[in-house]
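Undergrad: Okay, here's the structure, questions in a sec.
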Amino acid sequence: MIEQYQDEIIGYLLIGLCFLLLTLRGSLKNPNDAGMLQSQEIELGDIVWRSILLWPYHLLCWIFSWQIWLMPVRDILLKVGIFNHEMNFLYKFLIVVLLFLNLVFLWYFEVFK
9 MIEQYQDEII GYLLIGLCFL LLTLRGSLKN PNDAGMLQSQ EIELGDIVWR SILLWPYHLL
69 CWIFSWQIWL MPVRDILLKV GIFNHEMNFL YKFLIVVLLF LNLVFLWYFE VFK
């Protein structure tokens, strides 16, 4: 049975190893984290297995820690420049398509409750 999922398991572990390298690189740039690693407060083995096996959870936590989730929508639209008159036609078209898909999505959940 494991032979069937061997490629997926290897891919999962390789992504975990890449995430481990990113985690270690980021923690060595931060002096507080580097000091904690050198003082043996946290075992390196713990960091290794958690980074490799739990990378989807850490990735979601990292994405949801971005400041954009705390910004009001109006500020995001102004920062992107949606109301700018020099905006490319393609961007305007894509925004209209996105709004249409959003309405279809809402309609789908209203109809199929």
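To convert, count from 1 in the sequence shown and add 8; that's our numbering.
In this text, a Cβ means the ideal position worked out from N, Cα and C, and glycines have one as well.
Can you tell me whether P80 is helix, strand or coil according to DSSP?
TA: It is coil, neither helix nor strand.
Undergrad: Can you give the Cα-Cα distance for P80 and K87, rounded to whole angstroms?
TA: Each residue's alpha carbon lies about 11 Å from the other.
Undergrad: At what residue ranges does the region 35-72 contain a whole run of the alpha helix (DSSP H), taking only runs of 4 or more?
TA: For the region 35-72, whole alpha helix (DSSP H) runs of length 4 or above, ordered along the chain, are 39-46, 52-61, 63-72.
Undergrad: Please classify G24: is it buried, with 16 or more other beta-carbons within 10 angstroms of its beta-carbon, or exposed?
TA: With 16 or more other Cβ atoms within 10 Å, it is buried.
Undergrad: Which of the three DSSP states, helix, strand or coil, is assigned to Q75?
TA: Reduced to three states, the DSSP call for Q75 is helix.
Undergrad: Could you check the C-alpha separation between L32 and D54 for me, to the nearest Å?
TA: Computed Cα separation, rounded: 12 Å.
Undergrad: Looking at S59: is its Cβ nearer than 7 Å to the Cβ of L28?
TA: For S59 and L28, yes; Cβs fall inside 7 Å.
Undergrad: Whole angstroms is fine: what's the gap from R82's alpha carbon to K37's?
TA: So the two alpha carbons sit approximately 34 Å from each other.
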